[in-house]
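Single-structure report; data block below.
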Amino acid sequence: MAVEFPPEVKREFDELVAKYEQTRAALLPVLHLAQREFGYISPEVEEYVAGLMELPPTKVHEVVTFYTLYHKTQPGKHVIRLCKTLSCHLLGAHTIKDHLCRKIGLENGHGTTPDGRFTLELVECLGACEFAPMMQVDERYYGPLTPEKIDEIIDGLTDEPVVENVDEG
Amino acid sequence: MPTLTIDGIEVTVPDKTNLIEAAKMVGAEIPHYCYHPGLSVAGNCRMCLVEIEKAPKLAIGCFTPCQEGMVVHTSTEKVLQARKDVLEFLLINHPLDCPVCDQAGECWLQIYYMKHGQYESRMMEDKIKKHKKATAIGPTVTLDQERCILCARCVRFCDEISKTSELGIFNRGNHAELDVFPGKELNNKYSGNVVDICPVGALTDRDFRFQCRVWYLDTQDSICPGCSRGCNIQVHYNLDRPHHAEGRRVLRLKPRFNPEVNKYWICDEGRYGYKFIDDESRILMPQVMRNGGMEFVSWDEALKASAEKIKASIPEELGVLASPQLTNEELYLIRKLFVEELGATQVEFRVPPKEEGYSDDYLVKADKNPNTKGAEEIGLAVGSAEEILKAAAEKKLSALVIFVHNLVNSGLDDSLVKAALEGVETLIFIGSNFSDTSEKANVILPSATYAEKSGTFANSEGRVQRIHEAVPPLGESLPEWQILNELARALGLDWDYQGTEHIFAELAKDVPAFANLTYEILGDQGQTLGYVPPAEEEALVEHGELEAVRAT
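Heads up: the sequence lines are chains H and P, in that order.
The first sequence lines up with residues 1 to 169 when you count with my numbering.
The second sequence lines up with residues 1001 to 1552 when you count with my numbering.
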């Protein structure tokens, strides 16, 4: 992977940086841009971003490792965020998790499946307690979940990321 | 200039002084980890909490500027309890490995725990495991993440002083850890300083680790001889336990605060440049060429042999290469003996280095000699090193006295050096370590290193600073000033210098730039050449003559 923004992404980068008084202030959105572009933030990407923003690479690494929403390794084709906070937990999120792991073939309960299709993250409240127990697949929320619904959702996924925001049903 | 009250004592402090510094002025110590006077304020360790009257809660001393009328208490019940609580937090994930930790004895967690902690541990959970334990993160420093309290002094040092930014605090919360960028190392010209400022055992010095427990070390103030900056240092040495560190006596150098020269720092080149002091290459006994080989002899014999050779030379046939590694006192005696008494005309101290030394815009100077300025002022340059060597090569010299220099590894032409060293009838080498040059000598007089003698160096800015004897001269070696004194006596002169202070007093009378200076005035921070005593200065200012005096 050549670590360099293509020209149109570089333009986006310039626009982002121009929004702030200090270049450094644009670091978070720039890292999201880089993650969208390269899939995850490797040390090489950090160095590339640091070079663009005239920051020491250590400062970029500090930010990347501080936030959980930046992937440090290549994630699966779909990133599943399963809520583990109170409402979902009370409504059986742990059994949902067990079933989900079996379904996608994940042995240790989190991380990326050996086939590289799924990454499971256990997260705090996503603000959709009315769907509890719920999960987010890529950009879309699903819930209330049952084992049957899990099977249906997973079986229905293509290789393309899910984009809609909210499950109306 | 606000006036405030700290622990019942009224004190007036300069604007922007923080409470930690103000408390120092009234003799109250506010404990702290992350605050360092040479770095920006971070305020993250929370150890320096103090009580300020009329303030709703405790405030951190490092980030609270003194204000008019403030009433501060540094050791009320509330403050003491807060310190205890902060320590408890800081120690949550700290391992109990003091018995095997090299920081023990100079660890601020230990010191403050004994002073302010002493609580029963309530920690029932497992400690969080960090990644790097005893891992080298560069050529000079070892990192132990679980001992780190995340004060970020080292991070700020690399950002603000060395400006290399190799260190950062990665991950967050309980898992936060100090580290270098993946695949990179902590490698800059000032990296050793992070060990000095690390208040705990997280960063230790690879060179010093496990050489000696710090409580066996003694210290002596000195000046780094590594370049013409003249950074103030402390020599840490161990004489009582020769079974440690393979018998080496000087075990590490530490920077010593001098706001005019090096602040709190020294460079790595200087810090690790002490090895020659206890090196195997040290010359331990006088030697004289006899029957085609060098023989160990007594000082009396060696001095007698040297004096005979020197006496036998007419002034024009006598060459002297002094060294800017020597102290002002010694250079002054060289001038007095060889130039004034013996009338030598071929005297120089400068020898060009093989290659231009490293220098930067912070501390490190290209001139790797501590006393070039002093040698210039004392006026030793009568010839030039090249001329002297040419004369020697052409067999126009009968005796050449070389102090310290290794000509073979210098910027002088190799074939000229070879011809000179072989061409001169008598080569007297006075130095501390064997070299390619000492090998060609007919007489070798072993001299002490800077850590084994007293005297003064003048740095590139003309600041005259004192060095002190930390350890006795190795073997039978002697300080050069003593050798010169004895040599003069062997030459029939009536010299009797009892110490370097004696010589310095004479030097200050004789050399204009040193006028008015005494060891007392130099103190432990030095004083600049052309010093005018305060009383005289006032008078001169009154008459508008100060500038004129300074200009001379």
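Quick reminder that beta carbons are idealized off the backbone N, C-alpha and C, glycines included.
Beyond the five residues adjoining it in sequence on each side, residue 91/H comes within less than 8 Å, by CB distance, of 132, 133, 144 in the same chain, given in chain order. With three or more CB-CB distances shorter than 8 Å, the stretch 1220-1233 of chain P counts as touching the stretch 1451-1459 of chain P.
Beyond the five residues adjoining it in sequence on each side, residue 1165/P comes within less than 6 Å, by CB distance, of 1158, 1159 in the same chain, given in chain order.
For residue 1480/P, the uninterrupted alpha helix (DSSP H) segment begins and ends at 1480-1490. In summary, the residues of the stretch 1163-1183 of chain P whose CB is separated from some CB of chain H by less than 7 Å are 1165, 1166, 1167, 1168, 1169, 1170, 1171, 1172, 1181, 1182, 1183, in the order they occur in the chain. In this structure residue 1456/P is buried. Its beta-carbon is surrounded by 16 or more other beta-carbon atoms within 10 angstroms.
Residue burial annotation: residue 110/H is exposed, with fewer than 16 other C-beta atoms found within 10 angstroms of its C-beta. DSSP places residue 1325/P in no beta strand (DSSP E); its state is neither H nor E. Taking 9 Å as the CB threshold, residue 1159/P lines the interface with chain H. Per DSSP, residue 1148/P has no beta bridge partner at all. Excluding sequence positions up to five before and after residue 1129/P, its CB lies less than 6 Å from no other CB in the same chain. Taking a contact to require three or more Cβ pairs closer than 8 Å, the stretch 1007-1015 of chain P and the stretch 1087-1102 of chain P do not qualify as touching.
Of 1181/P, 1237/P, 1286/P, the smallest CA-CA separation from residue 1442/P is found for 1286/P. Distance check between residue 1066/P and each of 1002/P, 1389/P, 1373/P, 1367/P places 1002/P closest, using alpha-carbon atoms only. Out of 1343/P, 1358/P, 1411/P, the CA that lies nearest to the CA of residue 1383/P is found in 1343/P. When only Cα atoms are considered, residue 1193/P and residue 31/H end up about 33 Å apart. Distance from residue 160/H to residue 1168/P at the Cβ level is roughly 37 Å; contact not present, criterion being Cβ atoms closer than 8 Å. In this structure, residue 1097/P and residue 1209/P do not form a Cβ contact; the two beta carbons are roughly 14 Å apart against a cut-off of 8 Å.
As summarised for the stretch 1113-1161 of chain P, the continuous beta strand (DSSP E) elements at least 3 residues long and confined to that stretch are 1141-1143, given in chain order. Spanning the alpha carbons of residue 1353/P and residue 1409/P requires a straight line of approximately 8 Å. Contact annotation: residue 66/H and residue 1170/P have beta-carbon atoms nearer than 9 Å.
In the assembly as shown, residue 1516/P is an exposed residue. Its beta-carbon has fewer than 16 other beta-carbons within 10 Å. For the options 1047/P, 1051/P, 1076/P, 1132/P, the alpha carbon positioned closest to that of residue 1108/P is the one of 1047/P.
In this structure, DSSP gives residue 61/H a helical state, which the three-state scheme calls helix.
DSSP lists 120/H as the bridge partner or partners of residue 111/H.
Checking the DSSP bridge columns, you'll see residue 1294/P partnered with 1289/P.
A residue is called buried once 16 or more other Cβ atoms fall within 10 Å of its Cβ, and residue 1514/P is buried on that count. Under the three-state reduction of DSSP, residue 1372/P is assigned to helix. Under the 9 Å criterion on CB atoms, residue 46/H is classed as interfacial with respect to chain P.
Pairwise C-beta distances place the stretch 1175-1182 of chain P in contact with the stretch 1140-1154 of chain P, as three or more of them are shorter than 8 Å. Within the same chain, and ignoring the five residues on either side of residue 1412/P in sequence, the residues whose Cβ sits closer than 7 Å to its Cβ are 1351, 1352, 1385, 1386, 1389. Contact check for residue 1204/P against residue 1268/P fails: the beta carbons are separated by 9 Å or more.
Using a Cβ distance threshold of 9 Å, residue 1197/P and residue 1039/P count as a contacting pair. In the DSSP assignment, residue 1011/P falls within the beta strand (DSSP E) that extends over 1009-1012.
DSSP, read as helix, strand or coil, puts residue 1377/P in helix. Contact note: residue 71/H does not reach chain P at a C-beta cutoff of 7 Å; the least C-beta distance is about 15 Å.
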